[in-house]
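Asker: Residue numbers (our numbering): 4 to 235.
In structure tokens form, the structure reads like this:
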């Protein structure tokens with residue numbers, strides 16, 4: 004069997020939860036874009052070039068507000084600052100990916116990061132192609148959903164309030180799946196407790212970056228324990 008086909012078949016099942024979530028969220032995003040006057044073409048470009056789900060939702064507000072590039076830059080950094088920590092944790096995994104590295108870095112999203120942290124290909128499956136197809140498929144799920152939503156925007160009219168909760172639900176499903184598959188729950192427990200503590204201290208609008216910093220510090224000083232696979 005062709006090395007690419009084998010990697011694609013191995014990667015696809017891991018992305019099915021993302022497929023369900025991204026098509027739904029993408030359609031909602033496309034409908035919202037259409038509602039402010041941006042059709043399928045602009046929606047495609049936003050999803051293809053930007054590819055930042057949360058920020059794209061925020062971008063809808065920016066597109067309808069007074070042009071303020073500094074504010075747009077600041078809010079983008081705030082919303083997507085978590086990717087800095089994703090990148091740090093992926094340094095070792097992407098170390099020998101060669102020509103795949105630029106795309107793996109660009110196409111990384113929360114869901115792909117979560118899958119790559121837990122999913123392991125079979126011994127006869129090429130690791131680089133396996134990772135490539137995970138991020139490739141997830142990216143195109145989102146693009147397809149958003150364009151479909153923009154195309155349907157002329158015909159579907161309903162209140163979209165609360166639709167973005169599907170993304171939270173998707174995170175919960177992936178977290179539960181990882182918890183069941185992994186014997187070492189130390190990273191998961193650290194993430195939950197650190198986030199909860201920072202939420203209580205800094206509030207819902209400012210807890211993400213402190214939580215990420217706290218998680219990074221804990222992992223830095225306990226990396227030996229993590230790599231040995233010891234349970235908390």
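Beta carbons are placed, not taken as given, at the ideal position from N, Cα and C, and that holds for glycine. As the structure is a computational prediction, the values presented were derived from the model and not from experiment.
Tell me the residue span of the alpha helix (DSSP H) that contains residue 213.
Answerer: On the chain shown, residue 213 is found 210 positions in, with the first residue counted as 1. 211 to 224 is the span of the alpha helix (DSSP H), which, as asked, contains residue 213.
Asker: As a quick exercise: from 218, 147, 138, pick the residue whose alpha carbon is nearest that of residue 97.
Answerer: For the purposes of this step, residue 97 is taken as the residue at position 94 of the chain shown. Of the candidates 218, 147, 138, the one whose C-alpha sits nearest the C-alpha of residue 97 is 138.
Asker: Take residue 20 as the anchor and find which of 83, 94, 107, 145 has the nearest alpha-carbon.
Answerer: Counting from 1 along the chain shown, the entry for residue 20 is found at position 17. Answer by Cα proximity: 145.
Asker: According to the neighbour-count rule (16 or more other Cβ atoms, all chains shown, within 10 Å of its Cβ), is residue 199 buried or exposed?
Answerer: Residue 199 sits at position 196 when you count from the first residue of the chain shown. Answer is exposed; the Cβ neighbour count stays below 16.
Asker: Kindly list the residues whose CB is nearer than 6 Å to the CB of residue 25, restricted to its own chain and excluding five residues on each side of it in sequence; keep chain order.
Answerer: Start at 1 with the first residue of the chain shown, and residue 25 comes out as number 22. Cβ within range, chain order: 144, 145, 148.
Asker: Can you tell me the Cα-Cα spacing of residue 81 and residue 88, whole angstroms?
Answerer: The residue labelled residue 81 in the question sits at position 78 within the chain shown. The residue labelled residue 88 in the question sits at position 85 within the chain shown. Spanning the two alpha carbons is a distance of roughly 13 Å.
Asker: Counting only the same chain and skipping the five closest in sequence on each side, list residues whose C-beta sits under 7 Å from that of residue 13.
Answerer: For the purposes of this step, residue 13 is taken as the residue at position 10 of the chain shown. These residues qualify, in order along the chain: 124, 125, 128, 133.
Asker: If contact is defined by three or more beta carbon pairs under 8 Å, each pair taking one atom from either stretch, is the region 149 to 160 in contact with the region 35 to 50?
Answerer: Touching, per the Cβ criterion.
Asker: Could you give the distance in angstroms between the alpha-carbon of residue 51 and the alpha-carbon of residue 57?
Answerer: One-based indexing of the chain shown puts residue 51 at position 48. One-based indexing of the chain shown puts residue 57 at position 54. Cα to Cα, the separation comes out at about 14 Å.
Asker: Beta carbon of residue 106, beta carbon of residue 135: below 8 Å?
Answerer: Start at 1 with the first residue of the chain shown, and residue 106 comes out as number 103. Start at 1 with the first residue of the chain shown, and residue 135 comes out as number 132. Against a cut-off of 8 Å, the Cβ pair of residue 135 and residue 106 comes out as a contact.
Asker: Is DSSP giving residue 185 helix, strand or coil here?
Answerer: As a first step, residue 185 must be located in the chain shown, where it is residue number 182. Note: residue 185 maps to coil in three-state DSSP.
Asker: Am I right that residue 49 and residue 62 are in contact with their C-beta atoms under 8 Å? What's the rounded C-beta distance?
Answerer: If you number the chain shown from 1, residue 49 lands on position 46. If you number the chain shown from 1, residue 62 lands on position 59. Yes, they are in contact, since the Cβ atoms of residue 49 and residue 62 sit about 7 Å apart, within 8 Å.
Asker: Just tell me which of 172, 103, 150, 142 has its CA closest to the CA of residue 112.
Answerer: As a first step, residue 112 must be located in the chain shown, where it is residue number 109. Of 172, 103, 150, 142, the residue nearest in Cα terms is 142.
Asker: Let's test the definition: count the other Cβ atoms within 10 Å of the Cβ of residue 94 and tell me whether it reaches 16, buried, or not, exposed.
Answerer: As a first step, residue 94 must be located in the chain shown, where it is residue number 91. Flag for residue 94 reads exposed.
Asker: Looking at C-alpha atoms only, which residue of 179, 210, 192 is the closest neighbour of residue 84?
Answerer: Walking along the chain shown from the start, residue 84 turns up at place 81. Of 179, 210, 192, the residue nearest in Cα terms is 210.
Asker: Can you say whether residue 72 is buried or exposed, counting buried as having 16 or more other CB atoms within 10 angstroms of its CB?
Answerer: Taking the first residue of the chain shown as 1, we reach residue 72 at position 69. The residue in question, residue 72, is exposed, as its Cβ has fewer than 16 Cβ neighbours within 10 Å.
Asker: Which same chain residues end up closer than 7 Å to residue 32 when comparing Cβ atoms and leaving out the 5 residues on each side of it in sequence?
Answerer: Position 29 of the chain shown holds residue 32. Cβ within range, chain order: 59, 60, 149, 152.
Asker: Could you give the DSSP three-state label for residue 180: helix, strand or coil?
Answerer: Taking the chain shown and counting its residues from 1, the one referred to as residue 180 is at position 177. Residue state, collapsed to three classes: helix.
Asker: Can you tell me whether residue 17 is buried or exposed? The criterion is at least 16 other CB atoms within 10 Å of its CB, across all chains shown.
Answerer: As a first step, residue 17 must be located in the chain shown, where it is residue number 14. Per the 10 Å Cβ criterion, buried.
Asker: Can you look up residue 120 in the DSSP assignment and give me helix, strand or coil?
Answerer: Counting from one through the chain shown, the residue named residue 120 turns up at place 117. Three-state result, residue 120: helix.
Asker: Could you tell me which of 64, 122, 130 sits nearest to residue 99, measuring between CA atoms?
Answerer: Locating residue 99 in the chain shown gives position 96, counting from the first residue. Residue 99 has its Cα closest to that of 130, out of 64, 122, 130.
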